[in-house]
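Sequence order for the protein chains is Y and C. For the first sequence, position 458 (counting from the first letter as 1) is numbered 468 according to my numbering, and the numbering increases by one without interruption. For the second sequence, position 61 (counting from the first letter as 1) is numbered 137 according to my numbering, and the numbering increases by one without interruption. For every residue, glycine included, the Cβ atom is placed at its ideal position computed from N, Cα and C. A short write-up of the structure that comes next.
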Amino acid sequence: MGQKITIEPITRVEGHGKVTIHLDLKGNVNQTRLHIVEFRGFERFVQGRPYWEAPVLVQRLCGICPVSHHLAAAKALDVIVGAGTGEGLTPTGEKMRRLMHYGQMFQSHALHFFHLASPDLLFGIDSDPLMRNVIGVAIMHKDLAVQGVMMRKFGQEIIKATAGKKIHGTGAIPGGINKNLSIEERDTFLNGADPMNIDKMIDWAQAAVDFFKEYHKQNKSLIDNFAAFPSNHLSLVRKDGAMDLYHGVLRAIDTDGKKILDDVDYQDYLEYIDEEVRAWSYMKFPYLYKIGRENGWYRVGPLARCNTAEFIPTPLAQKEFEIFKAYTNGKPNNMSMHMHWARLIELLHSGEMIKELLNDPDLQGNDLVTKGTKTNEGVGVIEAPRGTLFHHYKINDRDQIEMANLIVSTTNNNEPMNVAVNKVAKDVMTGHKKITEGMMNAVEVAIRAYDPCLSCATHALGQMPLEISLYDAHNNLLDKKRS
Amino acid sequence: MSTLIKFKIDGVECMAETGAYVVEAAVENGIFIPTLCNIKGVKPRGSCRVCTVLVNGRPMSACTTPVASGMEVENNIAELNDIRKAIIEALFVEGNHFCPSCEKSGNCELQALAYRFQMMVPRFPFDFPVRDIDASNPKIIKDHNRCILCKRCIRAIKTEDGKSVFAFKKRGRQLEINVDPDLGELFTDELAAKAAEICPVGAILLREKGYEIPIGQRKFDKEPIGSDIEKK
């Protein structure tokens, strides 16, 4: 009889999940699956609530990047209150939201790299797990650990200044924002005592990119080959092809770089994207309609964004982007571990964007909200730290939410993560009689590269199929029911 | 013409006009007695009992008890504060109060009292009643999950000709506030705004106004409820 190995819980990711690995009689890996074992249900219990509650209610999905849900919901409601998408807001409304979002990207990317991912890189995938964690980093690489903590704090302070609280604020309201940025708040971020000012943050972000490039040079085989596989990539891009994490049009490319979706208004996302349900996980499997279930899955997140964007509109990040693109001769980068590289380039870009916004006098404006002709349906899409995030709401004529559909970044990455764990399990375990802790951590490293947020990704209620099979003592199927 | 009388709260000499209720008299003397159903300028009902004090040793609701000369009132004592906290906890478990997403958060008197009395977790089991949201009125949304049946809206919101806009309907556990459907234009925008304002919780909501006040500028963001009275 074959053997089943379970890794539960997966550590250093947001939320709870498990991996099962099935081995055949010869000990070869037969099948590996990432299961999401927690269950949320926000799409259901937001029904009936007044629509303006959505940005505050739905962000409770997550404590790491609630700003993404807050803003995606607010963007969907902008459409409902007739403020349009993106460009419809007042300059203060849009730029305050952008500042909030880039603050969040900065803190979330810093958290992931320094707290969650760096122990694998600094100590090695099969090193002692007692040291392979953020405490180990603090003991052995104090400067790096302090930078990680302070960068996260800086991003959180930006969120507090724009949303009112570091976690679960209320800044974005339908059609705009409820506050501007005072001169005092602005000056704290521009000229704060060392290290809490934006120039220092940009320096540290640059240093983090340099650290990764150096690590890459010394560990080429691991970074280039670990969990590398071809896939499609999807993200928002600005109309001119620039990386834009707050607003844009949908673009998807295939593994050769050919555009398979371009210039798509995200209000029409349902014409292009569908979600498949599989019985063994609470997380759905999105795919591009046009290509089909088999091959239509795609990756989202930093790697996908660096693949779909043509340039980054800030100078330091653009310089790093050019080096990143040159490494694959301009072709799409399909190496999972390069997700860390792309994430750090985005960290740098976010720092630069924060500085640019802080110097913009529009942030001190008083025209905060726009409203127009009301509609009963809206879609909001944003590039969250972990990738493209879709929020879709329908309301009735009494201002109550009737339908909510959320396609969360981690859900978009469901199939790629399964492909990654399958590949890594086969690569590191096949042919070995004994499964070591290091081998199992390798599987987790593959998942960790995607920075998944498993709690965000399991929000659906009422749609999960339940299948019951009845077998007799001789293993013959007697009856099967599906709800 | 009213005359001043002397009485004591927690041993402190106080002065008040004859006929003043203990709650009002306490405010005039810079002493906070917690209230939920009481509102200034409207006849008190004593329905929530959060203002319970000991008057000459006997428990009385401070909002309905007039002061008397020589009265000895006990207010800020452990025994009473625990009873008040228990009432607040009972109100939380009896409804569905989800502060994290409620637009009244920061302006909610029930939440503010819970903070003031340092409620960490209710001592009673949650009831989780099944209640609905009534969005049929064009001016307001009523969220019955949050209503504590204090009757503030029923007592304070009247049309120009003195008609009540709100009333109770149903009975027992199903009891809920209701807006007179025949009032039409007599239920003005001003009355709707006043109703949302005086509601101590987030049960009466103005349409499309939620979260307009940033965190940090809401009523109880900077100081606990009652601090303004105690500063007097």
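Three-state secondary structure (DSSP) of residue i
{"i": "residue 136 of chain C", "result": "strand"}
{"i": "residue 117 of chain Y", "result": "helix"}
{"i": "residue 472 of chain Y", "result": "Reliability of the predicted coordinates at residue 472 of chain Y is poor, the pLDDT of 31 falling under 50, and no value is obtained from them."}
{"i": "residue 249 of chain Y", "result": "coil"}
{"i": "residue 202 of chain C", "result": "coil"}
{"i": "residue 143 of chain C", "result": "coil"}
{"i": "residue 299 of chain Y", "result": "coil"}
{"i": "residue 152 of chain C", "result": "coil"}
{"i": "residue 486 of chain Y", "result": "Because the pLDDT of residue 486 of chain Y is 47, which lies under 50, any placement of that residue in the model is unreliable, and the question is left without a value."}
{"i": "residue 239 of chain Y", "result": "coil"}
{"i": "residue 428 of chain Y", "result": "helix"}
{"i": "residue 170 of chain C", "result": "helix"}
{"i": "residue 228 of chain Y", "result": "helix"}
{"i": "residue 222 of chain Y", "result": "helix"}
{"i": "residue 131 of chain C", "result": "strand"}
{"i": "residue 90 of chain Y", "result": "helix"}
{"i": "residue 210 of chain C", "result": "strand"}
{"i": "residue 178 of chain C", "result": "coil"}
{"i": "residue 459 of chain Y", "result": "coil"}
{"i": "residue 306 of chain C", "result": "helix"}
{"i": "residue 159 of chain Y", "result": "helix"}
{"i": "residue 13 of chain Y", "result": "strand"}
{"i": "residue 181 of chain Y", "result": "coil"}
{"i": "residue 91 of chain C", "result": "strand"}
{"i": "residue 122 of chain C", "result": "coil"}
{"i": "residue 304 of chain Y", "result": "coil"}
{"i": "residue 117 of chain C", "result": "coil"}
From the options, residue whose alpha carbon lies closest to that of residue i
{"i": "residue 302 of chain Y", "options": "Y/318, Y/356, Y/360 and Y/242", "result": "Y/242"}
{"i": "residue 324 of chain Y", "options": "Y/359, Y/353 and Y/348", "result": "Y/359"}
{"i": "residue 165 of chain Y", "options": "Y/286, Y/77, Y/437 and Y/288", "result": "Y/77"}
{"i": "residue 226 of chain C", "options": "C/95, C/126, C/295 and C/285", "result": "C/126"}
{"i": "residue 56 of chain Y", "options": "Y/31, Y/414, Y/461 and Y/441", "result": "Y/414"}
{"i": "residue 320 of chain Y", "options": "Y/87, Y/272 and Y/426", "result": "Y/272"}
{"i": "residue 71 of chain Y", "options": "Y/420, Y/449, Y/460 and Y/453", "result": "Y/420"}
{"i": "residue 222 of chain Y", "options": "Y/110, Y/123, Y/322 and Y/338", "result": "Y/123"}
{"i": "residue 96 of chain Y", "options": "Y/388, Y/448, Y/219 and Y/338", "result": "Y/388"}
{"i": "residue 122 of chain C", "options": "C/255, C/296, C/228 and C/197", "result": "C/228"}
{"i": "residue 409 of chain Y", "options": "Y/457, Y/459, Y/213 and Y/87", "result": "Y/87"}
{"i": "residue 251 of chain Y", "options": "Y/195, Y/269, Y/143 and Y/326", "result": "Y/269"}
{"i": "residue 284 of chain Y", "options": "Y/117, Y/300, Y/90 and Y/111", "result": "Y/300"}
{"i": "residue 110 of chain Y", "options": "Y/160, Y/231 and Y/173", "result": "Y/173"}
{"i": "residue 430 of chain Y", "options": "Y/353, Y/399, Y/349 and Y/382", "result": "Y/349"}
{"i": "residue 137 of chain C", "options": "C/305, C/99 and C/288", "result": "C/99"}
{"i": "residue 290 of chain C", "options": "C/183, C/278 and C/244", "result": "C/183"}
Rounded distance between the beta-carbons of residue j and residue i, thought under 8 Å
{"i": "residue 255 of chain Y", "j": "residue 115 of chain Y", "result": "6 Å"}
{"i": "residue 377 of chain C", "j": "residue 135 of chain C", "result": "Lying before the first or after the last residue shown, residue 377 of chain C is absent from chain C, which here runs from 77 to 308."}
{"i": "residue 118 of chain C", "j": "residue 131 of chain C", "result": "Their Cβ separation, rounded to whole angstroms, is 22 Å, which puts residue 118 of chain C and residue 131 of chain C out of contact at 8 Å."}
{"i": "residue 64 of chain Y", "j": "residue 279 of chain Y", "result": "So it is not a contact: roughly 17 Å between Cβ atoms."}
{"i": "residue 355 of chain Y", "j": "residue 330 of chain Y", "result": "5 Å"}
{"i": "residue 67 of chain Y", "j": "residue 177 of chain C", "result": "4 Å"}
{"i": "residue 168 of chain Y", "j": "residue 199 of chain Y", "result": "7 Å"}
{"i": "residue 121 of chain Y", "j": "residue 216 of chain Y", "result": "About 18 Å separates the two Cβ atoms, so there is no contact after all."}
{"i": "residue 428 of chain Y", "j": "residue 296 of chain Y", "result": "Residue 428 of chain Y to residue 296 of chain Y, Cβ: 13 Å. No contact."}
{"i": "residue 222 of chain C", "j": "residue 171 of chain C", "result": "6 Å"}
{"i": "residue 286 of chain C", "j": "residue 185 of chain C", "result": "Actually they are not in contact, since the Cβ atoms of residue 286 of chain C and residue 185 of chain C sit about 17 Å apart, beyond 8 Å."}
The ligand MN heavy atom lying under 6 Å from the CB of residue i
{"i": "residue 414 of chain Y", "result": "In the structure on display, the ligand MN does not appear, and there are no ligands present to speak of."}
Indicate whether the contact test is met: 3 or more Cβ pairs, each with one atom in the region 178 to 197 of chain Y and one in the region 122 to 135 of chain Y, closer than 8 Å.
no
Entirely within the region 219 to 265 of chain C and at least 3 residues each: give me those beta strand (DSSP E) ranges in chain order.
242 to 245 and 252 to 255
Which runs of the alpha helix (DSSP H) fall wholly inside the region 308 to 368 of chain Y and span at least 4 residues, in chain order?
312 to 318, 325 to 337 and 348 to 368
Restricting to runs no shorter than 3 residues, where is the beta strand (DSSP E) found entirely within the region 265 to 302 of chain C?
280 to 282
So does the region 215 to 226 of chain C actually touch the region 260 to 269 of chain C, counting three or more Cβ pairs closer than 8 Å?
yes
Contained alpha helix (DSSP H) runs [length at least 4] in the region 29 to 79 of chain Y, N- to C-terminal order
52 to 55 and 64 to 68
Inspect the CB distances between the region 98 to 105 of chain C and the region 163 to 178 of chain C and report whether three or more fall short of 8 Å.
Contact between the region 98 to 105 of chain C and the region 163 to 178 of chain C is absent: fewer than 3 CB-CB pairs across the two stretches fall below 8 Å.
Does the region 282 to 293 of chain Y come within contact of the region 341 to 355 of chain Y, defined as at least 3 CB pairs closer than 8 Å?
no
Evaluate the contact criterion for the region 91 to 107 of chain Y versus the region 429 to 437 of chain Y: three or more CB pairs, one atom per stretch, below 8 Å.
no
Is there contact between the region 385 to 398 of chain Y and the region 244 to 261 of chain Y, where contact requires at least three CB pairs shorter than 8 Å?
yes
Would you be able to state if there are at least three C-beta pairs under 8 Å between the region 177 to 184 of chain Y and the region 354 to 374 of chain Y?
no
Secondary structure, beta strand (DSSP E): runs of 3+ residues fully inside the region 254 to 283 of chain Y:
259 to 263 and 269 to 274
Counting only runs of 3+ residues fully inside the region 97 to 154 of chain Y, write out the beta strand (DSSP E) ranges in chain order.
none
Say whether the region 227 to 240 of chain C touches the region 194 to 210 of chain C, bearing in mind that this needs 3 or more beta-carbon pairs closer than 8 Å, one atom from each stretch.
no
Ignoring anything shorter than 4 residues or poking outside the region 368 to 446 of chain Y, list the alpha helix (DSSP H) runs there in chain order.
419 to 422 and 424 to 439
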